[in-house]
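Colleague:
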Amino acid sequence: MPGKNIIKHYGAEQYYHIYSRGVAKQAIFLDDDDYSYLLSILKRYISRKPAQQPGHGVYPHYGERLTLLAYCLMPSHVHLLVYQKDRQAMAEFMRSMMTSYSMYFNRKYKRVGPVFQSRYKASRITQDSYLEHISRYIHLNPNNWVNYPYSSLKYYLGNARAEWIRPNSITELFPSPQQYLEFVQDYEGHKQMLDEIHWELADQ
23 MPGKNIIKHY
33 GAEQYYHIYS
43 RGVAKQAIFL
53 DDDDYSYLLS
63 ILKRYISRKP
73 AQQPGHGVYP
83 HYGERLTLLA
93 YCLMPSHVHL
103 LVYQKDRQAM
113 AEFMRSMMTS
123 YSMYFNRKYK
133 RVGPVFQSRY
143 KASRITQDSY
153 LEHISRYIHL
163 NPNNWVNYPY
173 SSLKYYLGNA
183 RAEWIRPNSI
193 TELFPSPQQY
203 LEFVQDYEGH
213 KQMLDEIHWE
223 LADQ
């Protein structure tokens, strides 16, 4: 029986919260270089312009078909919040990302076999008002979430900029970066919303 949120029919012009973890819940990031490499893969595939592949033309490019709004890379799993313009964008992007990272990881650590557990899971976001809460849930994953280097929070707070991460749909809901930070800090006041999101991921 398929697991909940293993989406089989994707919708065009829809937001999705994507979750993917290591096989057997094992770590998929063993050092800082591993985190950096996956971030470079995100940049490679969803920058506004195609990236050149040495000696092989350009890499697959999804920057015009898919937007990354938020992310958090944890030792054993990955959270992404994306918007896809066509029905196949997310599936093709995730296939490219997971394949590229798995090849890197297996080559570096001299191992074989899958790196990620089965297929990623995705929850469709049915209300725009839900986006800010999803972003908060993603950013609150690490214990030291304010200073965690491998999430998109720094882009929300104006401490970094990159053209491949586009949080405007969410940050424009807040008068200032400080108020977004206060919103994330005030998670107790919205515990029910966070619990609902956690339930969506309960079988992962």
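In the working numbering, the protein residues as written are 23 to 226. Quick reminder that beta carbons are idealized off the backbone N, C-alpha and C, glycines included.
From Ala-92, Gly-180 and Ser-58, pick the residue whose C-alpha is nearest to that of Ser-198; which is it?
Modeller: For the purposes of this step, residue 198 is taken as residue 176 along the sequence shown, with counting starting at 1. Nearest of Ala-92, Gly-180 and Ser-58 to Ser-198, Cα basis: Gly-180.
Colleague: How big is the Cα-Cα spacing for Arg-70 and Leu-61?
Modeller: Your numbering for residue 70 matches position 48 in the sequence shown. Your numbering for residue 61 matches position 39 in the sequence shown. Each residue's alpha carbon lies about 15 Å from the other.
Colleague: Need the endpoints of the alpha helix (DSSP H) that Tyr-67 sits in, please.
Modeller: The residue labelled residue 67 in the question sits at position 45 within the sequence shown. Looking at the DSSP string, the run of the alpha helix (DSSP H) that includes Tyr-67 is 54-68.
Colleague: Would you kindly report the start and end of the unbroken beta strand (DSSP E) that includes Ser-42?
Modeller: The residue given as residue 42 occupies position 20 in the sequence shown. First-last of the beta strand (DSSP E) with Ser-42: 36-43.
Colleague: What residues in its chain sit with their C-beta under 8 Å from that of Ala-49, if we drop five residues either side in the sequence?
Modeller: Within the sequence shown, numbered from 1, the residue matching residue 49 stands at position 27. Only Pro-97 and Ser-98 meet the Cβ criterion.
Colleague: Can you tell me the Cα-Cα spacing of Tyr-177 and Tyr-170, whole angstroms?
Modeller: Counting from one through the sequence shown, the residue named residue 177 turns up at place 155. Counting from one through the sequence shown, the residue named residue 170 turns up at place 148. Distance between the alpha carbons of Tyr-177 and Tyr-170: 12 Å.
Colleague: Answer with buried or exposed for Met-125, where buried requires no fewer than 16 other C-beta atoms within 10 angstroms of its C-beta.
Modeller: On the sequence shown, residue 125 is found 103 positions in, with the first residue counted as 1. Met-125 comes out exposed.
Colleague: Quick check: what's the CA-CA separation for Glu-35 versus Arg-87?
Modeller: Residue 35 sits at position 13 when you count from the first residue of the sequence shown. Residue 87 sits at position 65 when you count from the first residue of the sequence shown. Their backbone Cα atoms lie some 9 Å apart in a straight line.
Colleague: Given Tyr-172, which residues of its chain have a CB within under 6 Å of its CB, disregarding the five upstream and five downstream residues?
Modeller: The sequence position of residue 172 within the sequence shown is 150, counting from 1. Answer for Tyr-172: Tyr-57 and Leu-95, listed in chain order.
Colleague: Would you mind stating whether Tyr-152 and Gln-106 have Cβ atoms separated by less than 8 Å?
Modeller: Counted from its first residue, the sequence shown places residue 152 at position 130. Counted from its first residue, the sequence shown places residue 106 at position 84. In this structure, Gln-106 does not lie closer than 8 Å to Tyr-152 by Cβ.
Colleague: Which term fits Ala-92, buried or exposed, when burial requires 16 or more other beta carbons within 10 angstroms of its beta carbon?
Modeller: Taking the sequence shown and counting its residues from 1, the one referred to as residue 92 is at position 70. By the 10 Å Cβ count, Ala-92 comes out buried.
Colleague: Please return the same chain residues whose Cβ sits closer than 6 Å to the Cβ of Ser-42, not counting the five positions on each side in sequence.
Modeller: If you number the sequence shown from 1, residue 42 lands on position 20. Closer than 6 Å at the Cβ level, and outside the excluded window around Ser-42, lie Val-100, Phe-138 and Tyr-142.
Colleague: Could you spell out where the beta strand (DSSP E) holding Val-104 opens and where it closes?
Modeller: For the purposes of this step, residue 104 is taken as residue 82 along the sequence shown, with counting starting at 1. 99-106 is the extent of the beta strand (DSSP E) around Val-104.
Colleague: Quick check: what's the CA-CA separation for Ile-192 versus Leu-90?
Modeller: If you number the sequence shown from 1, residue 192 lands on position 170. If you number the sequence shown from 1, residue 90 lands on position 68. Each residue's Cα considered, the two are about 12 Å apart.
Colleague: State the start and end residues of the unbroken beta strand (DSSP E) segment that holds Arg-129.
Modeller: The residue you call residue 129 lines up with position 107 of the sequence shown. Careful: Arg-129 lies outside any beta strand (DSSP E), inside the alpha helix (DSSP H) at 111-131.
Colleague: For His-39, which residues in the same chain have their Cβ closer than 6 Å to its Cβ, ignoring the five residues on either side in sequence?
Modeller: As a position in the sequence shown, residue 39 is number 17, starting the count at 1. Taken in chain order, the residues that qualify are Leu-103, Ser-145 and Ile-156.
Colleague: Pick from Lys-132, Ile-147, Ala-111 and Pro-136: whose alpha carbon is nearest that of Thr-121?
Modeller: Locating residue 121 in the sequence shown gives position 99, where the first residue counts as 1. Measuring from the Cα of Thr-121, the nearest candidate turns out to be Pro-136.
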